[in-house]
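First the structure, in the form of structure tokens, and then the observations on it.
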Amino acid sequence: MAAKVNRGGTTAAQAGVAGCHQCGKLTADGNSRCRRCGARVFFRKPHSIQRTWALLITAILLYIPAMTLPIMDTSILGETIASTIVGGTILLWQESSYAVAITVFLASVFVPVAKFAIILLLLLTVRSRGEWRARDRVVLHRIIDFIGRWSMLDIFVVAILVALVQMGVFATIVPNAGAAAFAASVVVTMLAARSFDVRLIFDHMGERQ
Amino acid sequence: MGDPGTMTIGSAMSASSTSIDQLIACPDCDRLTKKPELLPHQIARCRYCGGLLRRGHGDSLQPVIALSLASLILFAIANLFPFVSLRSGGVEQEIRLSSGLFAMAESGVPLPGLVAIGFILIAPILRLAGYLYVLVPLWRHTEPPAWRAVLRLANFMLPWSMLEIYLLSVVVALVKISELGSIVIGVSFWSFVLLVVTSTWLSSITDRFALWELVELWRQK
């Protein structure tokens with residue numbers, strides 16, 4: 124196993140030290156508390172892969188009612204319309220608010236689905252312990268960690284509408300069950316992305332030749 | 043040698059006789075690198091994976107304290123005055139920053155409203171107030187109780203603080219209801235815009251690694 128020290132240099136784990144996830148201080152004593160900041164130190168996040176699988180499956184299951192159930196009910200002059208996320212986006216498009224329609228579509232449909240796909244890809248490829256596009260996989264993780272929060276956009280939009288459009292019989296907006304499922308799905312997806320320890324991608328690399 | 047962790051620190055580092063405190067590990071790929079010397083606003087990225095290794099932080103606590111304090115004051119102003127209002131056929135509905143969030147939490151479907159309160163009010167306030175609670179006494183060379191736990195909590199709040207997303211949501215919501223009546227932008231809205239600027243600025247000059255290193259440096263003074 125002379126090829127063990129691979130071309131990128133030594134990892135902290137290979138050297139027997141762990142970087143504190145909170146403050147970055149290196150500690151030779153894994154599974155203890157950091158002397159600088161007091162956070163728990165571990166070589167890799169505990170049960171990272173199992174936890175990420177559980178959270179990802181939960182998030183996908185929550186996303187189904189989030190898309191199919193209405194997120195809010197709009198009553199204008201006695202007539203009530205229940206709108207789903209996709210329905211609301213189509214309506215914005217038909218009203219020629221193209222920029223807003225695209226923004227909502229990206230935040231509510233494209234980003235969540237892309238996040239599911241990327242986390243799934245990371246989970247499936249980390250098992251093979253291969254070098255395949257390792258750096259690109261880390262970049263993908265960095266991207267979803269950064270953009271995932273923007274999925275909350277439509278929930279905040281509903282919150283503002285519910286507070287602002289309270290004008291009795293003329294116009295009233297109330298939230299519906301889809302909003303709860305969507306908010307839960309976004310939070311659980313964020314937790315899934317954070318529970319996946321990216322450093323696992325580089326572990327065991329170079330062991331197979 | 044098959045298992046990472048079997049190699050001792052001695053064997054990995056004796057060649058350059060580097061001590062553990064002069065090294066840092068990439069948070070993304072775990073590769074060890076010599077700790078870079080950085081000026082404020084400089085950023086070190088991992089040579090191997092491109093991950094963000096460190097932000098330069100200088101040796102002063104004041105920029106972080108100043109931006110946290112400015113953000114908290116703007117937050118207070120954003121809550122004191124009308125945020126936006128909708129005028130339609132003689133009826134006017136006005137919201138404050140907080141009432142705009144509490145309405146959904148008090149509705150028949152409270153969960154998304156509670157999540158929104160957590161991300162727009164609780165997480166940002168805990169982050170900003172946590173920084174001040176820890177950094178102001180440290181700056182005057184005293185240690186507030188449980189400061190390490192408070193600083194960890196404040197750092198933890200960063201990804202869950204979504205002020206900038208809320209700002210975009212307000213714009214989208216106003217476009218959606220522009221046909222219902224006329225919209226009046228309040229003083230608080232502009233204060234909120236400034237809050238997004240100062241809190242984004244704060245995130246750009248520091249992060250959790252930089253903050254802990256800065257605090258350590260300051261305490262040695």
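Quick mapping for you: the protein sequence lines, in order, are chains H and D. If you want my numbering, it's the 1-based position in the first sequence plus 123. If you want my numbering, it's the 1-based position in the second sequence plus 42. Ideal Cβ positions, reconstructed from N, Cα and C, are used throughout, including at glycine. Here the structure is a predicted model, which means the values were calculated and not measured.
Neighbour flag for residue i against chain D, beta carbons, 9 Å
i	result
H/His170	no
H/Ile333	Given a span of 124 to 332 for chain H in the structure shown, any question on residue 333 of chain H remains unanswerable.
H/Trp255	no
H/Leu229	no
H/Leu179	no
H/Trp216	no
H/Met190	no
H/Met313	yes
H/Arg334	With chain H represented from 124 up to 332, any question about residue 334 of chain H goes unanswered, as that position is not in the structure.
H/Phe319	no
H/Thr226	yes
Beta-carbon neighbours of residue i, restricted to chain H and to distances below 8 Å
i	result
D/Trp279	Only positions 43 to 263 of chain D appear in this structure, which leaves residue 279 of chain D out of reach.
D/Tyr173	Chain H residues near D/Tyr173: none, gap ~14 Å exceeds 8 Å.
D/Ser224	Ordered by position in chain H, no residue passes the 8 Å Cβ test against D/Ser224, which lies about 12 Å from the chain.
D/Asn197	Gln145
D/Pro154	Ile278, Val281, Ala282, Pro298, Ala302, Ala303, Phe305, Ala306
Within chain H, partners of residue i - CB distance below 7 Å
i	result
D/Ile247	Near D/Ile247 there are no residues of chain H at all, since even the closest Cβ is about 17 Å away, more than 7 Å.
D/Val217	Ser220, Val223
D/Ala158	Ile278, Phe279, Ala282
D/Arg250	Gln145, Cys146
Beta-carbon neighbours of residue i, restricted to chain D and to distances below 7 Å
i	result
H/Ala135	Ala67, Asp72, Leu74
H/Ala205	Near H/Ala205 there are no residues of chain D at all, since even the closest Cβ is about 12 Å away, more than 7 Å.
H/Met290	Ser130, Val133, Gln135
Chain H contact for residue i (CB, 9 Å cutoff)
i	result
D/Ile207	yes
D/Ala145	yes
D/Ser141	yes
D/Arg96	yes
D/Asp101	no
D/Val235	no
D/Ser149	yes
D/Arg190	yes
D/Ser230	no
D/Ile227	no
D/Trp243	no
Sequence-distant residues of the same chain with beta carbon closer than 8 Å to residue i, five excluded per side
i	result
D/Gly131	Gly223
H/Arg156	Ala162, Arg163, Val164
D/Val235	Leu209
H/Phe269	none
D/Leu114	Ile167, Leu170, Ala171, Leu174
Chain-ordered chain D contacts of residue i [CB-CB under 8 Å]
i	result
H/Val261	Asp70, Cys71, Cys91, Gly92, Gly93
H/Leu244	Going along chain D, no residue has its Cβ under 8 Å from H/Leu244, so there is no contact; the nearest lies around 16 Å.
Contacts that residue i makes with chain D (C-beta to C-beta distance below 9 Å)
i	result
H/Arg322	Ala67, Cys68, Pro69, Asp70, Cys71, Asp72
H/Thr212	Those do not exist, as H/Thr212 stays about 11 Å from chain D at its closest Cβ, beyond 9 Å.
H/Leu247	By Cβ distance, chain D contributes nothing, its closest Cβ being about 19 Å from H/Leu247, past 9 Å.
Close Cβ partners of residue i (< 6 Å) along its chain, the five nearest in sequence each way excluded
i	result
D/Asp249	Arg97
D/Ile85	Arg97
D/Asp197	For clarity, residue 197 of chain D is Asn in the given sequence; the question names Asp instead. Only Arg250 meet the Cβ criterion.
H/Val311	Leu178, Thr181, Ala182
Cβ neighbours of residue i in the same chain (closer than 7 Å, five flanking residues each side left out)
i	result
D/Pro228	Note that residue 228 of chain D is Gly in the sequence shown, not Pro. Result list for D/Gly228: Phe123, Pro124, Phe125, Val126, Ser127, in chain order.
H/Phe325	Thr134, Ala257
H/Trp255	Thr248
D/His99	Pro82, Thr248, Ala252, Glu255, Leu256
D/Glu136	Pro124, Ser127
D/Met204	Phe161, Ile162
D/Arg87	Gly93, Leu94, Leu95
Residue i: contacting residues in chain H (beta-carbon distance under 9 Å)
i	result
D/Val126	Ile283, Leu287
D/Arg194	Gln145, Cys146, Cys160, Gly161, Ala162
Stretch-stretch touch, CB-based, cutoff 8 Å, three pairs: the segment 292-312 of chain H with the segment 153-164 of chain D: Cβ pair count under 8 Å is three or more, so yes.
Whole runs of the alpha helix (DSSP H) within the segment 190-266 of chain H, excluding any shorter than 4 residues: DSSP runs (the alpha helix (DSSP H)) wholly in the segment 190-266 of chain H: 208-217, 221-228, 234-250.
Contact the segment 195-210 of chain H vs the segment 167-178 of chain H: 3+ CB pairs below 8 Å: Result no; under three Cβ-Cβ pairs closer than 8 Å.
Three or more C-beta pairs below 8 Å linking the segment 214-222 of chain D and the segment 283-290 of chain H: With a cut-off of 8 Å, the segment 283-290 of chain H and the segment 214-222 of chain D count as touching, because enough Cβ pairs lie within range.
Complete runs of the beta strand (DSSP E) confined to the segment 131-182 of chain D [at least 3 residues]: Correct list: 133-137.
Beta strand (DSSP E) runs wholly inside the segment 71-122 of chain D, at least 3 long, in chain order: Qualifying beta strand (DSSP E) stretches, in chain order: 74-76, 85-87, 94-97.
At least 3 beta-carbon pairs within less than 8 Å: the segment 140-157 of chain H vs the segment 285-295 of chain H: By the C-beta criterion, the segment 140-157 of chain H is judged not to be in contact with the segment 285-295 of chain H, since fewer than 3 inter-stretch pairs fall below 8 Å.
Start-end ranges of the beta strand (DSSP E) lying completely within the segment 174-244 of chain D, minimum 3 residues: 224-227, all fully within the segment 174-244 of chain D.
Meets three-Cβ-pair contact criterion under 8 Å: the segment 234-248 of chain H and the segment 265-279 of chain H: The segment 234-248 of chain H vs the segment 265-279 of chain H: in contact.
Contact the segment 136-148 of chain H vs the segment 67-83 of chain D: 3+ CB pairs below 8 Å: Contact annotation: the segment 136-148 of chain H touches the segment 67-83 of chain D, with at least three C-beta pairs closer than 8 Å.
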